[in-house]
Amino acid sequence: MHTYFPKSLSLSIVVWLRLAGRGAFKLALRCPQKVHDIVVDPEPNWSFESLSSELHSLEKKLHDSCSVPVPFTKVQSRKGVKRSPMAFVMSLSNEETELSESEREEDRDPSMVTAKRFNCDDLYMSDSDGSDYELAFDAQSYLMDEVGLVESALFERSHEHHLQVQEDIRNQLSAIEAELMTEQEKSASAFARIEKYREARKELERKLDTHYQRKIAEALDNHLTAIQRDHELKSQIEERRIRSDAAHEEAKRKERAFHEERLRQERARAEAEAKLRFEEAKMAALEAERRAAKEAAEKEATEASKRIAAVASQQEAAKPQLNADSSNMNLQPQASGSNRTKKSQTTGDVVRAAQTALTLEQGRLLKLKELEEANRTLIMTSNMDFSNHERHISRLIRQIRGITENVRVKASELVKILKNPSCPQSISVAAFAKKVVSHCESPDNAVFACGHVIVLVTSQVPQAMDLLLAEFHRACIYTVPKHIVYSKSTFESKEAYYKDIGHREDGGKLESVKDYLKRLESYMKLYGALVQTEVQGVPNIHGPKEGWAWLARFLNVLPANMYTAVALNAFLQTAGFVLFRKYKSQFTKMLHIILNDFLNALREREDSELNPIILEIQSYIEDNKFRQEPEGRSLQGQLLSSVMVPESEPSRGYYY
2 MHTYFPKSLS LSIVVWLRLA GRGAFKLALR CPQKVHDIVV DPEPNWSFES
52 LSSELHSLEK KLHDSCSVPV PFTKVQSRKG VKRSPMAFVM SLSNEETELS
102 ESEREEDRDP SMVTAKRFNC DDLYMSDSDG SDYELAFDAQ SYLMDEVGLV
152 ESALFERSHE HHLQVQEDIR NQLSAIEAEL MTEQEKSASA FARIEKYREA
202 RKELERKLDT HYQRKIAEAL DNHLTAIQRD HELKSQIEER RIRSDAAHEE
252 AKRKERAFHE ERLRQERARA EAEAKLRFEE AKMAALEAER RAAKEAAEKE
302 ATEASKRIAA VASQQEAAKP QLNADSSNMN LQPQASGSNR TKKSQTTGDV
352 VRAAQTALTL EQGRLLKLKE LEEANRTLIM TSNMDFSNHE RHISRLIRQI
402 RGITENVRVK ASELVKILKN PSCPQSISVA AFAKKVVSHC ESPDNAVFAC
452 GHVIVLVTSQ VPQAMDLLLA EFHRACIYTV PKHIVYSKST FESKEAYYKD
502 IGHREDGGKL ESVKDYLKRL ESYMKLYGAL VQTEVQGVPN IHGPKEGWAW
552 LARFLNVLPA NMYTAVALNA FLQTAGFVLF RKYKSQFTKM LHIILNDFLN
602 ALREREDSEL NPIILEIQSY IEDNKFRQEP EGRSLQGQLL SSVMVPESEP
652 SRGYYY
């Protein structure tokens, strides 16, 4: 078995040697491992000489401290004995040195180290030494007991202190281990959070990178799409321009051919008319000559008996006179025919209008003139005052609004006034036509509602339509349609030309072009609203068919200028929707002619004041505004009742 020895034996040690039995013994340190900052460090590598020296010093200290002489003396000094420097082994018999397992566990201290085995066979010990040894222990047994008690108490105290220190160390170690575990858990948790945050940041950066790449791709796609759309738009514009130029050239060629043909026809017609008039004048001269010869012959026969010679001489003298008269008569008709031809040609160059339109205009104006003359005669011969009827008609027209019930009531009241026997119908109809046209200039004029009222009234009083159209032609020549071209040879001054086309004169001063165009636009809007009005069950005497004829005559004859452009735009704004719905592709062809020919002719004038009206007409056609119902066309409220419908027909709504 191994025995544990400390390096220093500064404290008292009970050594009990039973050399006789050659038994082994155990040396133990009966004190704490650390006392007053002195640490007992085990040193296993020591020799027997160091042990002997240590025991010798211990014996000396015990001898000096003891008051009773100790008979423990050596015969021979230990220094005289030759010792081996090698380690030695101390043996102890089992029966004398048996220790319990519990004692062995208690005595096994980590501060002790395993001693090396050594032999004491060569140790010199005489009998005297043995006797001295035994006597010394016998003589001082009481001292050993006292020292044993002190040492035992000191050992117990040291052991308790050692256990307490161990317990404190264990508690501190447990606390330190718990704290270390807590710190490790915190560190692990912090590392986990850091790792989680790092992963989250990576995921966020990946998403942001994906989103940024997607945005770049979308922006690039939008840019490429815009570029492609721009190229397509440019190509479409170029193709449209090419087609427009080609169509414009073709239209110009056709227009030149048509104009040349028309001039040729007019020239041939004028020549035929001049020839006819010349023949008529010649026949008239011959007839007059025959009548004069007959009268002269009768006169000569009555006086033949009295003055035969005189008659003969008179006859000879009368022949040259008759020839001179005949020549004068022939020359006079030729001059008058030439003047009429020149005047006709001049009028044809100044007035631009279709012949059918001029014929209709003259007929309507003639009816209006005859009616006004009859009304003046009637007013002069009658003692009645008809001004109240005129004021009532004017008030009803001013009260027209875009409401179904309002239109029905106003139309019904107007029909009652026109059919009132207390007032001649010619006076009330003339007042109705005049007040309707003059109401165009009012800023609150509801043109579509007014168109409904006109259709409802003229369906009951048909003769009112021609008079109304005559008032339109008198107020605005473009409702014919007709245009007068300025010519210095025809008009004495610009003022005379402006008066002829419809400018008003107030206080000796003509209205401005701007004011005239404003009035012109209002007249054309009402005229367009009239021709587009469709009332279910009520015929429109001047409906979409007449509107189509107006547009065709306008584009065929009238030139492109500020006046005609304003008139055309106002007409399309109100009547274009119904004309498109009725004539479909034919109307779109008309619009293409306007877009390609009429607007190009306006642009060729290079007048900056024409740009707004050009853009407005172009926007109306290109944006397909003719497909959209104009604002105010549909009346508000419920449909009209059957008040204005003849009693024989069932009650039904008027509108589609």
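So our numbering is basically just the index in the sequence shown, starting at one, shifted up by 1.
Each residue gets a CB set at the ideal place from its N, CA and C atoms; glycine is no exception.
Only a predicted model underlies this, so the values are computations on that prediction, with no experimental measurement involved.
Query                                                                                                                                                                                     : Result
Would you tell me roughly how many angstroms separate the C-alpha atoms of Gln574 and Lys417, rounded to the nearest one?                                                                 : 33 Å
Any idea if His484 is buried or exposed, counting beta-carbon neighbours within 10 angstroms, 16 or more meaning buried?                                                                  : buried
DSSP three-state label for Asp507, please.                                                                                                                                                : strand
If contacts are defined as beta-carbon pairs under 8 Å, then Phe627 and Phe572 qualify, I think. What distance do you get, rounded to the angstrom?                                       : Between Phe572 and Phe627 the Cβ distance is about 12 Å, and since that is not below 8 Å, they are no contact.
Using the Cα positions of Leu361 and Asp467, report the straight-line distance between them to the nearest angstrom.                                                                      : 10 Å
Could you tell me the distance, in whole angstroms, from the CA atom of Leu379 to the CA atom of Glu281?                                                                                  : 42 Å
Determine the contact status of Gln629 and Gly403, defining contact as a CB-CB distance below 8 Å.                                                                                        : no
Check this for me: beta carbons of His453 and Ser429, under 8 Å apart or not?                                                                                                             : no
Below 7 Å CB to CB, which residues in the same chain sit around Gly633 once its five sequence neighbours on both sides are set aside?                                                     : Gly403, Ala447 and Phe449
Taking the straight line between their C-alpha atoms, what separation do you get for Leu1 and Leu415?                                                                                     : Residue coverage of the chain in this structure runs from 2 to 657, which leaves residue 1 outside it and unanswerable.
Using DSSP's beta-bridge definition, name the partner residues of Gln637.                                                                                                                 : Ile404
Does DSSP put Ala354 in a helix, in a strand, or in coil?                                                                                                                                 : strand
Closest to Val408 by CA distance: which of Thr589, Glu184 and Val536 is it?                                                                                                               : Val536
Could you check if Val151 is buried or exposed, using at least 16 other CB atoms within 10 Å of its CB as the buried criterion?                                                           : exposed
Do Val486 and Ala355 come within 8 Å of each other at the CB atom, strictly closer than that value?                                                                                       : no
Could you check whether the stretch 437–445 touches the stretch 465–482, counting it as contact only if at least three pairs of C-beta atoms, one from each stretch, sit closer than 8 Å? : yes
Label Phe581 either buried or exposed according to how many other C-beta atoms from any shown protein chain fall within 10 Å of its C-beta, with 16 as the threshold for buried.          : buried
Can you name the start and end residues of the beta strand (DSSP E) that Ile478 belongs to?                                                                                               : It is not in any beta strand (DSSP E) - Ile478 carries neither H nor E in the DSSP assignment.
Under the rule that 16 or more other beta-carbon atoms within 10 Å means buried, what is Val166, buried or exposed?                                                                       : exposed
What are the boundary residues of the alpha helix (DSSP H) that includes Lys483?                                                                                                          : Run containing Lys483: none in the alpha helix (DSSP H); it sits in the beta strand (DSSP E), Lys483 to Ile485.
Are Ile478 and Phe433 touching if we call contact CB-CB under 8 Å?                                                                                                                        : no
Quick one: which unbroken alpha helix (DSSP H) runs of 4-plus residues sit fully inside the stretch 419–456? Chain order, please.                                                         : 426–439
Comparing C-alpha positions only, which one of Lys585, Asn570, Leu511 and Tyr517 sits nearest to Pro545?                                                                                  : Lys585
Could you pull out every residue in the same chain whose Cβ sits closer than 6 Å to the Cβ of Gln461, ignoring the five residues on either side in sequence?                              : Val416
List the endpoints of the continuous alpha helix (DSSP H) containing Gly544.                                                                                                              : That residue, Gly544, is in no alpha helix (DSSP H); it is neither H nor E in DSSP.
Around the Cβ of Ile170, are there at least 16 other Cβ atoms within 10 angstroms (buried) or fewer (exposed)?                                                                            : exposed
How should Ser513 be labelled, buried or exposed, when 16 other C-beta atoms within 10 angstroms of its C-beta is the threshold for buried?                                               : exposed
Report yes or no: do the stretch 242–249 and the stretch 588–601 share at least 3 C-beta pairs separated by less than 8 Å?                                                                : yes
Taking just the CA atoms, how far does Lys203 sit from Glu178?                                                                                                                            : 36 Å
Arg207 to Leu181, Cα distance in whole Å?                                                                                                                                                 : 38 Å
Run the CB neighbour count on Gln533, radius 10 Å, all protein chains shown included, and call it buried at 16 or more, exposed below.                                                    : buried
First and last residue of the alpha helix (DSSP H) that includes Pro613?                                                                                                                  : Asn612 to Glu623
If distances are taken between C-alpha atoms only, which option among His593, His543, Glu605 and Glu607 comes closest to Ala576?                                                          : His543
Can you name the residues that DSSP bridges to Val536?                                                                                                                                    : Val539
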